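Heads up: the structure comes next, in structure tokens.
Numbering (the working numbering), first residue to last: 4 to 331.
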């Protein structure tokens, strides 16, 4: 296995492009998790898929699926295998989206799958192929640039993750990845220490825009606030814009509601907020509870400000408390 390109982040993490065989990972490149994608409950070892290559090498993904370590397909469209003893791979993480999202949503979904396990299962090193371009059939040109950028984003912001390895056997995919690595390395190095900072990022569902806008209006006279008023079509490339804005922000106002929990983009934003909460504490994640919702566990532990059911005077009071605490 040969390292062709490497980007080292400001925190000393590494994104690597390797030429090699994911079914024959040497000791020097051993990984905690191998990421692969599949159609829901479909582990047929086709000749062109990584599942097929693993099966030929002696590892049945179907057998792993029957005896999973943890199944999060309802929440994050993925499951994690138990520990295995196969070619310097400790576990397999299988991403199984239930619908044909656009490639940017799928890349976001893959990282939503990985991140819940980095701390709970001590995942520091991850390997993956150029995902979504095999039997899934997405264009390599569409996938490769955002995959590299999103890998760098999460390496920069997840305290546990240390190395991501993108591995291909060769051919045109290697060439595409190599060009993307070179381009993103230049951009990344230019951006270090040169990111516009927002005091607050407002994470909200478009269906609750009136409440989110009220918060933005109250705070913007005192602070620099990121409030995305542009409606992002789920068929467009929303991923890069969100990653950049999240990375540029100091604190995060999370507008919790059933609509928020139903939104793919909101859940992706909250994944970052949850890491911020874990690493830096509740002074950096400031949830306001707009409407009653069945909260997942990671939200239940937050100290939220109760503005149910969308009460404007409570939202005003929430903003007043933020101004009093953080102004000056």
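C-beta atoms are modelled at their ideal positions from N, C-alpha and C, and glycine is treated no differently.
Quantities reported herein were computed from a predicted structural model and do not represent experimental measurements.
Compare the C-alpha of residue i against each of the options and name the closest.
{"i": "residue 171", "options": "163, 180, 88, 165", "result": "180"}
{"i": "residue 35", "options": "46, 126, 321", "result": "126"}
{"i": "residue 178", "options": "21, 70, 223", "result": "21"}
{"i": "residue 160", "options": "44, 274, 305, 5", "result": "274"}
{"i": "residue 73", "options": "200, 214, 95", "result": "95"}
{"i": "residue 91", "options": "30, 318, 174, 284", "result": "30"}
{"i": "residue 105", "options": "83, 146, 130", "result": "146"}
{"i": "residue 60", "options": "230, 27, 201, 110", "result": "27"}
{"i": "residue 56", "options": "214, 257, 132", "result": "132"}
{"i": "residue 15", "options": "158, 264, 224", "result": "158"}
{"i": "residue 75", "options": "268, 218, 43", "result": "43"}
{"i": "residue 267", "options": "283, 288, 242", "result": "242"}
{"i": "residue 287", "options": "83, 206, 298", "result": "206"}
{"i": "residue 8", "options": "71, 113, 169", "result": "169"}
{"i": "residue 310", "options": "302, 272, 295, 224", "result": "295"}
{"i": "residue 113", "options": "270, 248, 175", "result": "270"}
{"i": "residue 128", "options": "272, 38, 265", "result": "38"}
{"i": "residue 298", "options": "265, 322, 283, 272", "result": "265"}
Quick check on residue i: buried or exposed, where buried means 16 or more other Cβ atoms within 10 Å of its Cβ?
{"i": "residue 279", "result": "buried"}
{"i": "residue 153", "result": "buried"}
{"i": "residue 220", "result": "exposed"}
{"i": "residue 53", "result": "buried"}
{"i": "residue 13", "result": "exposed"}
{"i": "residue 173", "result": "exposed"}
{"i": "residue 185", "result": "exposed"}
{"i": "residue 315", "result": "exposed"}
{"i": "residue 260", "result": "buried"}
{"i": "residue 193", "result": "exposed"}
{"i": "residue 320", "result": "exposed"}
{"i": "residue 121", "result": "buried"}
{"i": "residue 231", "result": "buried"}
{"i": "residue 102", "result": "exposed"}
{"i": "residue 118", "result": "buried"}
{"i": "residue 151", "result": "buried"}
{"i": "residue 134", "result": "buried"}
{"i": "residue 77", "result": "exposed"}
Tell me the residue span of the beta strand (DSSP E) that contains residue i.
{"i": "residue 133", "result": "Residue 133 -> no beta strand (DSSP E), and no H or E assigned at all."}
{"i": "residue 22", "result": "17–22"}
{"i": "residue 204", "result": "201–206"}
{"i": "residue 62", "result": "Here residue 62 belongs to no beta strand (DSSP E), and DSSP marks it neither H nor E."}
{"i": "residue 168", "result": "166–171"}
{"i": "residue 40", "result": "34–40"}
{"i": "residue 84", "result": "81–84"}
{"i": "residue 98", "result": "92–98"}
Excluding the 5 residues preceding and the 5 following residue i in the sequence, name in chain order all residues of the same chain whose CB lies nearer than 6 Å to its CB.
{"i": "residue 89", "result": "62"}
{"i": "residue 281", "result": "none"}
{"i": "residue 307", "result": "290, 292"}
{"i": "residue 285", "result": "306"}
{"i": "residue 204", "result": "229, 252, 255"}
{"i": "residue 394", "result": "There is no way to answer for residue 394, as the model of the chain reaches only from 4 to 331."}
{"i": "residue 58", "result": "48"}
{"i": "residue 237", "result": "Reliability fails at residue 237, whose pLDDT of 49 lies under 50, so the model's placement of it is uncertain and the value that follows must be treated cautiously. Closer than 6 Å at Cβ, skipping near neighbours: no residue."}
So residue i and residue j are supposed to be a Cβ contact under 8 Å. How far apart are they, rounded?
{"i": "residue 1", "j": "residue 107", "result": "Because the chain in this structure spans residues 4 to 331, residue 1 falls outside the shown range and cannot be described."}
{"i": "residue 300", "j": "residue 276", "result": "Going by Cβ atoms, the distance from residue 300 to residue 276 rounds to 15 Å, so no, they are not a contact pair."}
{"i": "residue 116", "j": "residue 79", "result": "5 Å"}
{"i": "residue 130", "j": "residue 222", "result": "With 8 Å as the limit, residue 130 and residue 222 do not qualify as a contact, their Cβ atoms being about 42 Å apart."}
{"i": "residue 98", "j": "residue 40", "result": "5 Å"}
{"i": "residue 318", "j": "residue 217", "result": "6 Å"}
{"i": "residue 18", "j": "residue 167", "result": "5 Å"}
{"i": "residue 330", "j": "residue 225", "result": "5 Å"}
State the start and end residues of the unbroken alpha helix (DSSP H) segment that holds residue i.
{"i": "residue 11", "result": "Residue 11 -> not in any alpha helix (DSSP H); beta strand (DSSP E) instead, spanning 5–11."}
{"i": "residue 263", "result": "261–265"}
{"i": "residue 290", "result": "Not the alpha helix (DSSP H): residue 290 falls in the beta strand (DSSP E), residues 288–292."}
{"i": "residue 301", "result": "300–303"}
{"i": "residue 71", "result": "Taken as a continuous stretch (DSSP letters only), residue 71 belongs to no alpha helix (DSSP H), being part of the beta strand (DSSP E) at 71–75."}
{"i": "residue 213", "result": "212–222"}
{"i": "residue 296", "result": "Taken as a continuous stretch (DSSP letters only), residue 296 belongs to no alpha helix (DSSP H), as it is neither H nor E."}
{"i": "residue 319", "result": "315–329"}
{"i": "residue 106", "result": "106–123"}
{"i": "residue 306", "result": "No alpha helix (DSSP H) holds residue 306; DSSP gives it neither H nor E."}
{"i": "residue 243", "result": "242–250"}
Consider the Cβ of residue i: report whether some Cβ of chain C lies at a distance smaller than 7 Å.
{"i": "residue 154", "result": "Although the question refers to chain C, the structure presented lacks it and comprises just one protein chain."}
For residue i, which residues in the same chain have their Cβ closer than 7 Å to its Cβ, ignoring the five residues on either side in sequence?
{"i": "residue 123", "result": "none"}
{"i": "residue 46", "result": "54, 64, 65, 68"}
{"i": "residue 5", "result": "21, 22, 23"}
{"i": "residue 262", "result": "208, 210, 211"}
{"i": "residue 188", "result": "10"}
{"i": "residue 182", "result": "none"}
{"i": "residue 214", "result": "258, 293, 313, 318"}
Suppose the cutoff is 8 Å on Cβ atoms and the five residues either side in sequence are ignored; what does the same chain contact list for residue i look like?
{"i": "residue 234", "result": "Because residue 234 carries a pLDDT of 45, less than 50, the predicted location of this residue cannot be relied on, and the following value inherits that uncertainty. Correct list, in chain order: 209."}
{"i": "residue 93", "result": "33, 34, 35, 36, 86, 87"}
{"i": "residue 324", "result": "308"}
{"i": "residue 250", "result": "156, 159, 160, 198"}
{"i": "residue 2", "result": "Since the first residue shown for the chain is 4 and the last is 331, residue 2 is missing from the structure and cannot be characterised."}
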